[in-house]
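Numbering (the UniProt record's numbering), first residue to last: 1 to 225. Heads up: the structure comes next, in structure tokens.
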Amino acid sequence: NLLRKLIYSQRHIAIFATSTSRAVPVDLRDLKTFLHLAESRHFGRSARAMHVSPSTLSRQIQRLEEDLGQPLFVRDNRTVTLTEAGEELRVFAQQTLLQYQQLRHTIDQQGPSLSGELHIFCSVTAAYSHLPPILDRFRAEHPSVEIKLTTGDAADAMEKVVTGEADLAIAGKPETLPGAVAFSMLENLAVVLIAPALPCPVRNQVSVEKPDWSTVPFIMADQGP
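Shown next as structure tokens:
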């Protein structure tokens, strides 16, 4: 068997060939390039697909051939075919890349995940208008986190976060933020509602493309949402 032992690392593998006693590092990208060429049998096509120049592709294949001490392809002016060693490397490369993907998947599954409790404070309005899609995504990504929700006056949101009663709050941005508090914009949407059946002297003022809001009387909440 041309290839008799594999040593895995996160970025490289080492191949021990029967023709040498030293470990030869092989980049996984070289194996991907080799596999594409083994399928396409066309240097130009594989070079374009792998985003390398034809000369770079040739050097990658030449490096593999030198490392293994065997030709991998038979080339002429019209065709490119695999040698017996090339067929053996093709099977090995497929298995190695598959195992590497499985290894990465396993490591990702074992990675650190959030757990514990998350205390959220918001108004009843925000609990219906903003929170559901946010919580759906969060629960899907962090199922081990227990969520504690408290509703109340949006004007109290900053105090709840500063005192530690809540880990985060959904509310309108205050004029000033304490240094320990971060703010992330969820939505900034201004909507003007005018009853269509009622005469309204400001209708013409707000119907233009850029209303002069300083001249328009309107009512807005002190805090939101």
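Glycine is no exception: its CB is placed at the ideal position from the N, C-alpha and C atoms. The structure presented is a predicted model; accordingly, all values stated were derived computationally and were not measured.
For residue i, the three-state DSSP class (helix, strand or coil)
| i | result |
| --- | --- |
| Arg78 | coil |
| Ala182 | coil |
| Val161 | helix |
| Asp136 | helix |
| Leu149 | strand |
| Leu118 | strand |
| Ala169 | strand |
| His130 | coil |
| Val52 | coil |
Contact check, residue i vs residue j, beta carbons under 8 Å
| i | j | result |
| --- | --- | --- |
| Tyr100 | Leu35 | no |
| Leu168 | Val145 | no |
| Thr163 | Phe121 | no |
| His119 | Glu165 | yes |
Residues of its chain near residue i, where Cβ-Cβ distance is below 6 Å and the 5 sequence neighbours each way are ignored
| i | result |
| --- | --- |
| Ser123 | Ala154 |
| Pro71 | Glu65, Thr83 |
Residue i, buried or exposed, once every other Cβ within 10 Å from all chains shown has been counted against 16
| i | result |
| --- | --- |
| Lys210 | exposed |
| Arg22 | Any answer about Arg22 is weak, because its pLDDT of 48 lies below 50 and its placement is not dependable; what the coordinates show is given next. Result: exposed. |
| Gly116 | exposed |
| Leu103 | exposed |
| Gly91 | Reading the sequence as shown, one finds Val at residue 91 and not Gly. Exposed is the call here. |
| Ala157 | buried |
| Ala140 | exposed |
Contacting residues, own chain, Cβ-Cβ under 8 Å from residue i (five flanking each side not counted)
| i | result |
| --- | --- |
| Leu97 | Leu28, Leu31, Lys32, Leu35 |
| Ile61 | Thr33, Phe34, Leu37, Leu72, Phe73 |
| Pro54 | Phe43, Gly44, Ala47 |
| Val161 | Phe121, Asp167, Leu168, Ala169, Val181 |
| Arg63 | Asp30 |
| Ala85 | Leu2, Leu68, Gln70, Pro71, Leu72 |
| Ser58 | Phe43 |
| His51 | none |
Beta-carbon contacts of residue i that lie in its chain and below 7 Å, excluding the five residues immediately before and after
| i | result |
| --- | --- |
| Val74 | Thr81, Thr83 |
| Ile147 | Leu118, Ile120, Leu135 |
| Ala93 | Leu31, Phe34, Leu35 |
| Ser142 | Reading off the sequence, residue 142 comes out as His, not Ser. Around His142: Ser113, Leu114. |
| Leu131 | Cys122, Ile170 |
Residue-level contact to chain C via CB, residue i, 8 Å cutoff
| i | result |
| --- | --- |
| Ser144 | Structure shown: chain C not included; a single protein chain is present. |
Original post:
Counting Cβ pairs, one atom from each stretch, are 3 or more of them under 8 Å apart for the stretch 40 to 55 and the stretch 77 to 84?
Top reply: Contact holds: three or more Cβ-Cβ distances are below 8 Å.
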